[in-house]
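Residue numbers for the sequence shown follow this note's numbering, so the first one is 25 and each next one is one higher. I have placed the structure first, in the form of structure tokens, so that the comments after it can refer back to it.
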Amino acid sequence: MRARTLIVALLGAVIVAASPPRHAVAAPAAQPETYAQFAAGATVQHGIFTILRKDGEVYVDLSPQQLNTDYLETIVPGNGMGADFIVWGNTDHLPAMLMRFERAGDGIAIVWPNTSFVAPHDPPETIGIRRNFPQSVVGIGKIVAEDANHIVFDASPLFRDSLDMAHIINGSLGTTPKSAYHLDLSRTYFGATKAFPENVVIDVNQLWATDAPHVAPDTAPDARSIQMRIVYNFAQLPHDHYRPRYADDRVGIYDDIYMDFAPSRDQAPSRYLRYLVRWNFAPADPNKPSRATHPMVFYLSNTIPVAYRPAITAAVLRWNRAFEKIGILDAIQVKPQPNDPNWDPDDIRYNVLRWVTEEQPSFGADSQTLFDPRTGEEFRTGILISADSARFAAQAWRDYVDPVRYGRDTDPVPAWFIYDSFQAEIMHETGHNLGMQHNFIGSMAYTAKELQS
Ligand SMILES: [Zn+2]
């Protein structure tokens with residue numbers, strides 16, 4: 025990749041005037057161009073950051089004020105492998121990260137600052153968090169053009185394996201060091217880019233290769249060559265006046281954990297500070313039942329078979345009964361996937377219910393939750409639903425409900441049983457989306473009255 029970056033940067037100096045074939049000319053190392061020179065001939069997409077596409081490459085255009093500023097970054101696989109729980113849109117591999125752009129000589133470093141060790145309200149020179157804990161550098165993009173209002177850098181550091189697909193793929197397949205898949209940069213290239221006022225989406229088509237043909241799943245046309253679309257989202261931090269809430273062991277809500285080194289914490293039994301992971305639900309009028317100001321809106325991916333959409337929709341919406349009791353109406357909403365080419369299920373603005381097809385099912389359904397690491401505020405949820413969910417239900421009918429007639433596969437499983445099975449499964453996963461863990465002994469350890477104390 026280093027070589028590729030260099031070639032691209034060198035080419036940048038000569039492309040504007042002559043537009044020579046890509047990779048055909050190597051010019052001497054040059055100063056960055058002016059923005060006007062570089063932007064001429066580029067496709068420009070305006071959003072929170074401007075994206076420039078030129079000669080097959082992607083560049084990010086920052087204003088100087090955007091340096092050293094915190095943003096959110098998420099990375100997910102945009103396609104599955106059809107097996108081994110490597111599925112599209114899975115947010116479980118990497119939590120939402122804080123991200124900054126920092127100047128690094130003639131490049132821009134994409135940095136993940138450390139968010140797990142904090143000392144709120146104390147000046148950094150007192151506690152020295154930044155001296156005592158490291159940050160991580162995702163990559164450095166060469167600056168190719170610059171003026172007073174623009175810093176344009178090469179986005180090819182996004183080619184590298186920030187999501188750790190190497191571990192995901194090789195861990196799932198159980199490869200040996202000899203048969204392990206590796207990232208082949210010579211067959212890795214940019215996909216779609218989208219820019220919006222508060223986020224941008226950049227796709228990278230990574231190629232995962234191995235020389236050992238027989239270790240692989242038989243779900244790719246050539247098992248030695250697996251393309252994984254990796255979707256990067258960069259977004260403005262949430263700014264909706266969210267107030268974090270402390271976690272409480274008596275209620276099984278997921279938590280967002282810090283180590284807090286503030287001296288005010290020295291008297292506490294532990295330095296661990298835990299915030300609830302939750303959606304910012306509130307009624308429009310706190311004095312009477314009213315609509316949610318910030319509802320959790322789910323989109324039904326058009327990958328979901330039409331026959332199952334009513335059951336899945338009803339299951340998600342059933343949670344509204346709980347919110348009605350605290351005066352919040354229409355807290356949860358379900359909409360069909362818009363018929364809009366700009367709508368992308370991997371755009372982090374959308375909570376998506378999606379259908380997962382695998383050669384051998386590795387799960388039934390899985391909740392997907394991303395939250396602001398500073399506060400625990402959820403900003404994106406969703407559910408992966410295995411295409412085998414209905415088959416599992418039919419099998420349950422045959423094995424447990426009507427076992428006497430086992431083997432008589434010609435008997436139809438009642439439609440209501442399939443419907444109810446989706447209800448149970450999707451309501452369960454929606455509960456996770458709302459921040460709830462499995463109940464374990466929680467429902468027996470305390471009465472409702474005790475919980476309310
Ligand atoms: Zn569960």
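Backbone N, C-alpha and C fix where the C-beta goes; we use that ideal spot for every residue, glycine too. Note that this is a predicted model, so its numbers are computed, not measured.
Mind checking whether the beta-carbon of residue 452 lies closer than 7 angstroms to any heavy atom of ligand 1? Residue numbering aside, residue 452 sits at position 428 when the sequence shown is read from its first letter. Within the cutoff, so yes.
Looking at ligand 1, does it come within less than 7 angstroms of residue 117, judged from the CB to the closest heavy atom? Numbered from 1 along the sequence shown, position 93 holds the residue referred to as residue 117. Residue 117: no, Cβ never under 7 angstroms from ligand 1.
Residue 456: beta carbon under 7 angstroms from a heavy atom of ligand 1? Numbered from 1 along the sequence shown, position 432 holds the residue referred to as residue 456. Indeed, a heavy atom of ligand 1 lies less than 7 angstroms from the Cβ.
How is residue 211 classed by DSSP in three states: helix, strand or coil? By one-based count along the sequence shown, residue 211 stands at place 187. Three-state DSSP puts residue 211 in a helix.
Cβ-based burial, residue 421 [other Cβ within 10 Å; buried from 16]: Residue 421 sits at position 397 when you count from the first residue of the sequence shown. Result: buried.
So, do the segment 335-344 and the segment 454-462 have three or more beta carbon pairs nearer to each other than 8 angstroms? yes
Which residues in the same chain as residue 213 place their Cβ atom closer than 8 angstroms to its Cβ, once the five residues preceding and following it in sequence are excluded? Here residue 213 refers to the residue found at position 189 when the sequence shown is read from its first residue. The residues are 80, 228 and 229.
Residue 358 CB to nearest chain D CB: under 8 angstroms? No chain D is part of this structure, which consists of one protein chain only.
Chain-order list of residues whose beta-carbon lies under 7 angstroms from that of residue 108 (same chain, five-residue window excluded): Taking the sequence shown and counting its residues from 1, one reaches residue 108 at position 84. The residues are 196, 197, 241 and 386.
Can you give the beta carbon distance from residue 299 to residue 399, rounded, assuming they're within the 8 angstroms contact cut? By 1-based counting over the sequence shown, the position of residue 299 is 275. By 1-based counting over the sequence shown, the position of residue 399 is 375. Indeed they touch by this definition, with Cβ atoms about 6 angstroms apart.
If the criterion is Cβ atoms closer than 8 angstroms, does the pair residue 127 and residue 86 meet it? Residue mapping note: residue 127 aligns to position 103 of the sequence shown, counting from 1. Residue mapping note: residue 86 aligns to position 62 of the sequence shown, counting from 1. Result no, Cβ atoms of residue 127 and residue 86 do not sit closer than 8 angstroms.
Would you tell me roughly how many angstroms separate the C-alpha atoms of residue 461 and residue 325, rounded to the nearest one? Here the question's residue 461 lines up with position 437 in the sequence shown. Here the question's residue 325 lines up with position 301 in the sequence shown. Taking the straight line joining both Cα atoms gives about 25 angstroms.
Which word fits residue 252, buried or exposed, when buried means at least 16 other C-beta atoms lie within 10 angstroms of its C-beta? By one-based count along the sequence shown, residue 252 stands at place 228. Result: buried.
Residue of 105, 93, 66 and 120 minimising C-alpha distance to residue 383: Working through the sequence shown from its first residue, we reach residue 383 at position 359. Closest option to residue 383, Cα to Cα, is 105.
At 3 residues or longer, what runs of the beta strand (DSSP E) sit wholly inside the segment 183-271? 213-219, 223-233 and 249-259
Within a Cβ cutoff of 7 angstroms, which residues of the same chain sit near residue 355, ignoring the five residues on either side of it in sequence? If you number the sequence shown from 1, residue 355 lands on position 331. Once the five neighbours on either side are set aside, the close Cβ partners of residue 355 are 305, 316, 319, 320, 344 and 347.
Within a Cβ cutoff of 6 angstroms, which residues of the same chain sit near residue 218, ignoring the five residues on either side of it in sequence? Looking up residue 218 in the sequence shown gives position 194. The answer, listed in chain order, is 225.
Enumerate, from N- to C-terminal direction, the unbroken beta strand (DSSP E) stretches of 3 or more residues contained entirely within the segment 295-346. 296-300 and 320-324
Which same chain residues, not among the five before or five after residue 463, have their C-beta less than 7 angstroms away from its C-beta? Position 439 of the sequence shown, counting from 1, holds the residue named residue 463. Once the five neighbours on either side are set aside, the close Cβ partners of residue 463 are 276.
When burial is assigned at 16 or more other CB atoms within 10 Å of the CB, is residue 478 buried or exposed? There is no way to answer for residue 478, as the model of the chain reaches only from 25 to 477.
Should the segment 155-167 be regarded as contacting the segment 175-183, the criterion being three or more beta carbon pairs within less than 8 angstroms? yes
Beta carbon of residue 70: closer than 7 angstroms to some heavy atom of ligand 1? What you label residue 70 is simply residue 46 of the sequence shown in a count that begins at 1. Residue 70: no, Cβ never under 7 angstroms from ligand 1.
Which of helix, strand or coil DSSP assigns to residue 453: Taking the sequence shown and counting its residues from 1, one reaches residue 453 at position 429. Helix, per DSSP.
Within the present structure, is the beta-carbon of residue 206 separated from the nearest heavy atom of ligand 1 by less than 7 angstroms? Taking the first residue of the sequence shown as 1, we reach residue 206 at position 182. Answer for residue 206: no, Cβ out of range of ligand 1.
Enclosing beta strand (DSSP E) for residue 124 [first to last residue]: For the purposes of this step, residue 124 is taken as the residue at position 100 of the sequence shown. Here the beta strand (DSSP E) through residue 124 covers 121-128.
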